[in-house]
Amino acid sequence: MSGIQAYRRRAAETERTVDAAVAAVKAERAAEFEKAKREHAAREAARRIYTREDIVGAGFVHDGHSWRKVVRVNKTSVSVETGYSWVDRIPFAKVHGIQQPIEGTSEEQTK
């Protein structure tokens, strides 16, 4: 066997092991992704879906990222302050939690 043939044989073996390693990593990542997708679906299925009646009178809602101050409640969404006098609307299905205003605050006294 010449040196060139031996080199080609080692290169082919190396290529096969690299291809096998890449396939194993791809399969592992796909399995992790499917597991994360199932866990997320289970969390979303178990999550409470708030209605307009739940949110009316709430002081703050959680949008999945942070707590936002409620400005007003519309038919299908809640308008919240997002900072710098900006107002954003969050659909009821995307509300992850609600907090009632603290009793005795200046907001309740002005009503």
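Just add 12 to wherever you are in the sequence shown, counting from 1, and you've got the numbering used here.
Cβ atoms here follow ideal geometry from the backbone N, Cα and C, with glycine treated the same way.
Neighbour-count burial assignment, residue i, 16 or more Cβ in a 10 Å radius
| i | result |
| --- | --- |
| Ile16 | exposed |
| Ile61 | exposed |
| Val37 | exposed |
| Val99 | exposed |
Residue i - partner residues in DSSP beta bridges
| i | result |
| --- | --- |
| Ser91 | Arg84, Arg101 |
| Ile110 | Val73 |
Backbone secondary structure at residue i - three-state DSSP
| i | result |
| --- | --- |
| Gln17 | helix |
| His77 | coil |
| Val68 | coil |
| Ala24 | helix |
| Thr29 | helix |
| Arg10 | Since the displayed the chain opens at 13 and closes at 123, residue 10 lies outside it and no answer follows. |
| Arg60 | coil |
Euclidean distance between Cα positions of residue i and residue j
| i | j | result |
| --- | --- | --- |
| Val80 | Ala39 | According to the sequence provided, residue 80 is Arg. The question's Val does not apply to it. Those two C-alpha atoms are separated by around 40 Å. |
| Gln111 | Val82 | 10 Å |
| Arg20 | Ala58 | 57 Å |
| Glu46 | Ala18 | 42 Å |
Three or more C-beta pairs closer than 8 Å, one from the segment 13 to 33 and one from the segment 64 to 83: is that the case here?
The segment 13 to 33 vs the segment 64 to 83: no contact.
Are there three or more Cβ pairs, one per stretch, closer than 8 Å when the segment 74 to 90 is compared with the segment 45 to 61?
Proximity of the segment 74 to 90 to the segment 45 to 61 falls short of the contact definition, fewer than three beta-carbon pairs being nearer than 8 Å.
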